[in-house]
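Only one structure is covered here, and it is reproduced in the block below.
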Amino acid sequence: MKITMIILSLFSLVSLSACAFKENKASELETLASNYGGIYIFDKKIREEILENERKKGEAMKKMSLGDDFWDQLKIIEKKFPQVLSNGCKYYRNDYNYDVDDPDYDFNFDDKPEFAYYEDQFKAYMGEENYKKLRPYLGMTTYYVCEGKKYPIVFATMIDYKVKSYGLFGDEGRGFSFSSISRKSAGGGSFHYFTNNKFIKSDEKYTGQSY
């Protein structure tokens, strides 16, 4: 009986220590995500121009009436508010997604050498070590094209990671295990503006509005 109690006590201590490690690891990533997650904007002026054009277009579309001429109305609005900037370049939204290191994704910075400069800016801002820990999912939500070259404007980030918990898991049907792995996601809600060749975290918070 005493041996059983000792074994159970040791198991409990190991489980508690492992859980504490799990919580500390998760806390570290969540803290980093809070500091570096959010919306990254490489050109604030162009982003604001796009948002204003999209706002006007949206307001015009709200006034459209249903009927046989619906598509004609839409064509008129599209012509009045084209996805073209004041510099004559066409812009695009919600087009490319990048996952920095995950080979399961089709797009990443490694196979897009033209975006190496932008990856370098993320690394410089987050720090090489933090960048590797976070392995941020990067969604390029807005960019424009001039003379065939793409210029990113806005990236959104998401941090996805795994947490291993120790304990007694399962049941008689599935069998028992002393560990379990769960996936978690964390992301900050701040805007980061590229100013004077470096990112600066803004007090502005992302609250679900268009970006």
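Residues 235 to 445 (the numbering used here) make up the sequence shown, in order. Glycine residues also receive a C-beta, built at the ideal position from the N, C-alpha and C atoms. Just so you know, these numbers come straight off a predicted model, no measurement behind them.
Between Thr429 and Gly271, the C-beta gap is not smaller than 8 Å, which leaves the two residues out of contact. Using a Cβ-Cβ distance cut-off of 8 Å, the region 313–320 and the region 345–365 are not in contact, since fewer than three pairs of beta carbons, one from each stretch, lie closer than that value.
For Leu372, the enclosing beta strand (DSSP E) has its first and last residue at 371–380. Residue pairing by DSSP places Tyr427 opposite Ile275, Ile434 in a beta bridge. Secondary structure note for Asp354: its alpha helix (DSSP H) is the uninterrupted segment 350–360. Taking a C-beta distance under 8 Å as the contact criterion, Lys324 and Tyr378 qualify as a contact pair. Between the alpha carbons of Arg289 and Ile311 lies a gap of roughly 12 Å. A straight line joining the alpha-carbon of Glu362 with that of Thr375 spans about 24 Å. With a cutoff of 8 Å on beta-carbon distance, Ile387 and Ile275 are scored as near each other. Distance check between Lys383 and each of Lys279, Glu348, Arg369 places Glu348 closest, using alpha-carbon atoms only.
Listed in chain order, the alpha helix (DSSP H) runs fully inside the region 290–323 are 304–314, counting runs of at least 4 residues.
At a Cβ-Cβ threshold of 8 Å, Leu368 and Leu263 count as neighbours. Assignment of Lys367 by DSSP, reduced to helix, strand and coil, places it in the helix class. C-alpha of Gly301 to C-alpha of Ile434: approximately 49 Å in a straight line. If you ignore the 5 residues before and after Ser436, its C-beta comes within less than 8 Å of the C-beta of Ser424, Phe425, His426, Tyr427, all in its own chain and listed in chain order. For Ala294, the closest of Asp303, Ile284, Leu285, Gln307 by C-alpha to C-alpha distance is Gln307.
Secondary structure at Tyr326: strand, using DSSP grouped into helix, strand and coil.
By the Cβ-count criterion, Met298 is exposed, with fewer than 16 other Cβ atoms from all chains shown falling within 10 Å of its own Cβ. Pro386 is bridged by DSSP to Tyr377. Rounded to whole angstroms, the separation of the alpha carbons of Phe389 and Asn328 is 10 Å.
About 6 Å separates the CB atoms of Ser320 and Glu283; that is less than 8 Å, so the two are in contact.
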